[in-house]
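Comments concern the structure below.
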Amino acid sequence: MINLTFPDGAERSFAEGTTGFDIAKGISPSLAKRTVAMALDGVTTDLADPIERDARIEFVTRDDPRALELIRHDCAHVLAEAVQELFPGTQVTIGPVIENGFYYDFARNEPFTPEDLPKIEAKMREIIARDKPFTKDIWSRDKAKEVFREKGEAYKVELVDAIPEGQSLKIYHQGDWFDLCRGPHMTSTGKIGNAFKLMKVAGAYWRGDSNNAMLTRIYGTAWRNQEDLDHYLHQLEEAEKRDHRRLGREMDLFHFQEEGPGVVFWHPKGWSLFQSLIAYMRRRLAADYAEVNAPQVLDKSLWETSGHWGWYKENMFKVQSAGDETEDERVFALKPMNCPGHVQIFKHGLKSYRDLPMRLAEFGAVHRYEPSGALHGLMRVRGFTQDDAHIFCTEEQMAEECLKINDLILSTYADFGFEEIVVKLSTRPEKRVGSDEVWDHAEAVMSRVLEEIAARSGGRIKTDILPGEGAFYGPKFEYTLRDAIGREWQCGTTQVDFNLPERFGAFYVDADGTKKPPVMIHRAICGSMERFTGILIEHFAGHFPLWLAPSQVVVATITSDADAYAEDVVATLKAAGLRAEKDLRNEKITYKVREHSLAKVPVLLVVGRKEAAERTVSIRRLGSPNQTSMTLDEALADLLREARPPDLSR
RNA sequence: GCCGGUUUAGCUCAGCUGGUAGAGCACCUGAUUUGUAAUCAGGGGGUCGGGGGUUCGAAUCCCUCAACCGGCACCA
Numbered sequence: 005m006i007n008l009t010f011p012d013g014a015e016r017s018f019a020e021g022t023t024g025f026d027i028a029k030g031i032s033p034s035l036a037k038r039t040v041a042m043a044l045d046g047v048t049t050d051l052a053d054p055i056e057r058d059a060r061i062e063f064v065t066r067d068d069p070r071a072l073e074l075i076r077h078d079c080a081h082v083l084a085e086a087v088q089e090l091f092p093g094t095q096v097t098i099g100p101v102i103e104n105g106f107y108y109d110f111a112r113n114e115p116f117t118p119e120d121l122p123k124i125e126a127k128m129r130e131i132i133a134r135d136k137p138f139t140k141d142i143w144s145r146d147k148a149k150e151v152f153r154e155k156g157e158a159y160k161v162e163l164v165d166a167i168p169e170g171q172s173l174k175i176y177h178q179g180d181w182f183d184l185c186r187g188p189h190m191t192s193t194g195k196i197g198n199a200f201k202l203m204k205v206a207g208a209y210w211r212g213d214s215n216n217a218m219l220t221r222i223y224g225t226a227w228r229n230q231e232d233l234d235h236y237l238h239q240l241e242e243a244e245k246r247d248h249r250r251l252g253r254e255m256d257l258f259h260f261q262e263e264g265p266g267v268v269f270w271h272p273k274g275w276s277l278f279q280s281l282i283a284y285m286r287r288r289l290a291a292d293y294a295e296v297n298a299p300q301v302l303d304k305s306l307w308e309t310s311g312h313w314g315w316y317k318e319n320m321f322k323v324q325s326a327g328d329e330t331e332d333e334r335v336f337a338l339k340p341m342n343c344p345g346h347v348q349i350f351k352h353g354l355k356s357y358r359d360l361p362m363r364l365a366e367f368g369a370v371h372r373y374e375p376s377g378a379l380h381g382l383m384r385v386r387g388f389t390q391d392d393a394h395i396f397c398t399e400e401q402m403a404e405e406c407l408k409i410n411d412l413i414l415s416t417y418a419d420f421g422f423e424e425i426v427v428k429l430s431t432r433p434e435k436r437v438g439s440d441e442v443w444d445h446a447e448a449v450m451s452r453v454l455e456e457i458a459a460r461s462g463g464r465i466k467t468d469i470l471p472g473e474g475a476f477y478g479p480k481f482e483y484t485l486r487d488a489i490g491r492e493w494q495c496g497t498t499q500v501d502f503n504l505p506e507r508f509g510a511f512y513v514d515a516d517g518t519k520k521p522p523v524m525i526h527r528a529i530c531g532s533m534e535r536f537t538g539i540l541i542e543h544f545a546g547h548f549p550l551w552l553a554p555s556q557v558v559v560a561t562i563t564s565d566a567d568a569y570a571e572d573v574v575a576t577l578k579a580a581g582l583r584a585e586k587d588l589r590n591e592k593i594t595y596k597v598r599e600h601s602l603a604k605v606p607v608l609l610v611v612g613r614k615e616a617a618e619r620t621v622s623i624r625r626l627g628s629p630n631q632t633s634m635t636l637d638e639a640l641a642d643l644l645r646e647a648r649p650p651d652l653s654r
């Protein structure tokens with residue numbers, strides 16, 4: 005006998021091997037009908053599984069949040085069956101549940117096209133309507149391999165081989181179709197319902213390895229009901245509206261063109277935004293850092309010394325004279341990183357331990373030859389500006405410096421409204437330089453710092469460890485922030501480096517007169533300023549806070565009678581340091597309101613005969629249909645207060 | 001880099017099975033002097049992504065290159 009505890013606390017005994025379905029039916033036939041799976045001690049399993057031990061039991065109905073994952077997983081199976089029914093000879097591989105849906109990877113000589121999706125979707129609905137029960141078999145390894153080999157499913161054979169000895173091979177059937185799968189599944193295909201949609205086809209490498217064959221992946225989304233599906237699709241539309249590439253065009257911030265793949269043409273408004281960010285960062289650095297500027301183009305030999313020519317060459321732009329090359333055959337490279345340049349600055353002249361920590365910052369423009377398929381608007385470019393800094397310090401100062409950087413990073417993010425931050429510690433990778441003792445020490449220090457970071461935040465900052473993800477020269481912290489619509493972006497980074505200073509023979513003279521290589525800490529807060537600008541565009545959906553808005557105020561006239569006054573207002577605002585423009589065009593005020601609202605200008609000052617006579621303005625703020633009237637002086641004071649950057653308002 | 005898709009006016013897009021381009025918005029001109037999300041009328045604008053080919057004839061079919069989009073891989 006086994007004892008099962010029910011959600012209400014009741015405990016009952018059953019014969020060993022009783023299935024979840026039997027128990028549900030025993031309670032009520034309607035419960036059995038509604039139940040799609042069960043959870044034993046919190047682990048979701050097939051309802052038809054015999055229960056062999058004491059456990060807490062819960063019945064998972066289709067409305068249960070836990071059913072969603074099952075719906076998606078079942079949907080993936082149905083997708084695979086539909087594809088094999090419509091396209092015989094297609095091999096199945098894997099089909100997991102992902103955020104918001106699922107996918108399935110297929111191997112087929114001719115890849116699927118978007119036009120195939122409606123057909124496949126229709127077939128899926130047909131299979132769901134058949135409502136065949138999901139049933140499970142346990143097969144021996146040999147049988148599984150034999151059956152799949154006979155079916156021509158080479159990838160499944162490979163998957164069977166990869167499953168560790170002693171682990172059972174579960175085969176799930178739905179009608180005549182079956183698949184190797186770890187499960188669990190619902191009771192029948194009919195439970196999936198109709199709230200799903202195939203979204204896109206894409207290429208994907210077998211097992212995520214670019215050396216392997218390219219498979220065709222079909223992505224789908226699935227939900228418990230039509231409302232949830234509609235809501236999700238609506239969310240996608242909303243996300244598209246705030247896409248920085250779209251807003252960049254609509255708000256006239258920047259553009260790209262064919263001749264410059266991955267490099268940005270910043271327009272006046274976009275550059276204003278970019279410069280507001282730089283100005284902000286500069287103010288934040290003023291207290292502790294010295295700003296420098298290292299050359300764009302440096303001899304190959306320097307990159308050989310730094311090691312970049314060895315392990316980063318594929319990503320570097322080589323530069324040579326375009327004229328008479330016999331005159332100067334030297335090979336140069338456009339800098340992909342600022343660190344070697346900063347080491348040269350550190351090296352110049354003798355440094356004492358008294359000079360440490362030495363913090364060199366640069367808004368360094370770097371160029372990296374990113375793979376063509378990786379380029380994506382401002383988010384992934386080939387030429388960008390890092391808010392970079394390198395801190396040269398002693399080993400003893402390392403922890404303190406990391407914490408200082410942490411404070412700077414977190415307060416910066418907070419100023420932009422990013423409060424949900426995860427700090428991840430990446431530890432030693434397989435391929436690395438330096439002795440294990442050095443790594444042991446560095447990782448120990450970093451772990452302590454990570455704990456301190458979590459403690460200081462009072463638990464607000466989440467931390468994580470990524471084993472093996474560190475840079476080859478040292479462990480690193482990665483700062484991930486979450487934007488207004490829940491997406492995560494890795495921006496800041498702090499990396500300790502025991503390697504580069506030595507490669508360049510950089511040292512400082514210690515108190516005892518000996519020469520020692522400094523520890524170098526690489527650190528960025530925004531990371532790429534271009535990318536960070538892109539993140540802000542999407543985070544704010546173009547509705548920037550006043551201090552960042554490229555065009556803060558537009559003064560619009562109602563009739564030409566107010567022109568002179570409007571000019572006066574704009575001059576006053578500009579003199580006070582606001583970014584103000586005038587709109588004296590011979591258009592109706594409704595037209596102007598609409599236009600500037602679409603351009604996402606935060607503040608619109610409307611002036612007519614009345615305002616001109618009284619020296620007032622009518623203020624209309626973006627997103628609000630209301631207006632308030634006040635004197636120009638009052639409005640100016642309000643706007644100035646509001647336009648003050650957060651670091652200057654503290 | 002790999003797989004698939006896309007590329008027509010400044011923007012969004014139409015253009016069927018080949019007969020050498022069209023809409024809306026934007027722009028320009030004129031009229032209108034207007035009170036908080038589109039005033040009316042007229043006009044200009046495209047070597048249909050580049051190159052090559054098939055054809056009497058190509059935006060349309062084929063090849064090729066490029067950029068972009070969606071994924072994958074990459075992301076020091």
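Here the first sequence is numbered in our numbering, starting from 5 and rising by one per residue. Note that beta-carbon positions come from the ideal geometry of N, C-alpha and C, so glycine has one too.
For residue 457 and residue 471, I'd like the C-alpha separation in whole angstroms. Distance from the CA atom of residue 457 to the CA atom of residue 471, rounded to whole angstroms, is 19 Å.
According to the neighbour-count rule (16 or more other Cβ atoms, all chains shown, within 10 Å of its Cβ), is residue 635 buried or exposed? exposed
Reducing DSSP to helix, strand and coil, say where residue 492 ends up. Reduced to three states, the DSSP call for residue 492 is strand.
Taking Cβ to Cβ, would you say residue 367 is nearer than 8 Å to residue 540? no
Evaluate residue 235 with the Cβ neighbour count: other Cβ atoms within 10 Å of its Cβ, from every protein chain shown; 16 or more gives buried, anything less gives exposed. exposed
Have a look at the DSSP bridge pairing and note the partners of residue 60. 9
Around the C-beta of residue 595, are 16 or more other C-beta atoms found within 10 angstroms, so that it is buried, or is it exposed? So residue 595 counts as exposed.
With a floor of 4 residues, list each alpha helix (DSSP H) that falls wholly inside the segment 28-87, ordered by position along the chain. 33-38
For the candidate residues 613, 535 and 586, whose alpha-carbon lies nearest to that of residue 274? 535
Quick one: measure Cβ to Cβ for residue 502 and residue 523, integer angstroms, because I've assumed they're closer than 8 Å. 6 Å
Using the Cα positions of residue 264 and residue 258, report the straight-line distance between them to the nearest angstrom. Residue 264 and residue 258: Cα-Cα distance of roughly 13 Å.
In the DSSP assignment, what residue or residues form a beta bridge with residue 192? 137
Given 8 Å as the limit, is there contact between the segment 524-531 and the segment 388-397, that is, 3 or more CB pairs closer than that? yes
Option nearest residue 300 by Cα separation, candidates 315, 290 and 388: 388
8 Å contact criterion, which residue 560 and residue 593 should meet: CB distance rounded: 7 Å
With DSSP as the reference, label residue 1 as helix, strand or coil. Because residue 1 is not part of the residues shown, which for the chain are 5 to 654, the question remains open.
Measure the C-alpha to C-alpha separation of residue 629 and residue 288 and round it to an integer number of angstroms. 36 Å
Cutting at 6 Å between CB atoms, please list the residues of its own chain near residue 54, excluding the five before and the five after it. 21 and 23
C-alpha gap between residue 633 and residue 608, whole angstroms: 12 Å
Span of the beta strand (DSSP E) holding residue 397? First-last of the beta strand (DSSP E) with residue 397: 387-397.
Shortest alpha-carbon distance to residue 401 belongs to which of 362, 641, 371 and 468? 362
Express the C-alpha separation of residue 571 and residue 614 in angstroms, rounding to a whole number. 16 Å
Taking buried to mean at least 16 other C-beta atoms within 10 Å of its own C-beta, is residue 432 buried or exposed? buried
How about residue 162 and residue 96: do their beta carbons lie closer than 8 Å? no
Three Cβ pairs or more, each shorter than 8 Å: is that satisfied between the segment 214-227 and the segment 510-524? no
What's the gap between the Cα of residue 199 and the Cα of residue 93? 28 Å
For residue 472, which beta-bridge partners are listed by DSSP? Note: residue 472 is not bridge-paired with any residue in the DSSP secondary-structure output.
Grab me the residues of residue 303's own chain with a C-beta within less than 7 Å of its C-beta, minus the 5 sequence neighbours each way, in chain order. 334 and 336
Once DSSP output is grouped into helix, strand and coil, what is the label at residue 339? coil
Per DSSP, which one or two residues make a beta bridge with residue 368? Answer by DSSP bridge pairing, in chain order: 390.
Quick one: what's residue 209 bridged to in DSSP? 218
Whose C-beta lies closer than 7 Å to the C-beta of residue 145 among residues of the same chain, with five residues either side of it excluded? 164 and 173
Assuming residue 48 contacts residue 66 (C-beta within less than 8 Å), just tell me the rounded distance between them. About 13 Å; that fails the 8 Å criterion.
Are the CB atoms of residue 465 and residue 427 nearer to each other than 8 Å? yes
So if DSSP puts residue 380 in a beta bridge, which residue, or which two residues, is it bridged to? 384
Cβ distance (whole Å) where residue 271 is taken to contact residue 538 below 8 Å: Not really, about 14 Å apart at Cβ, beyond 8 Å.
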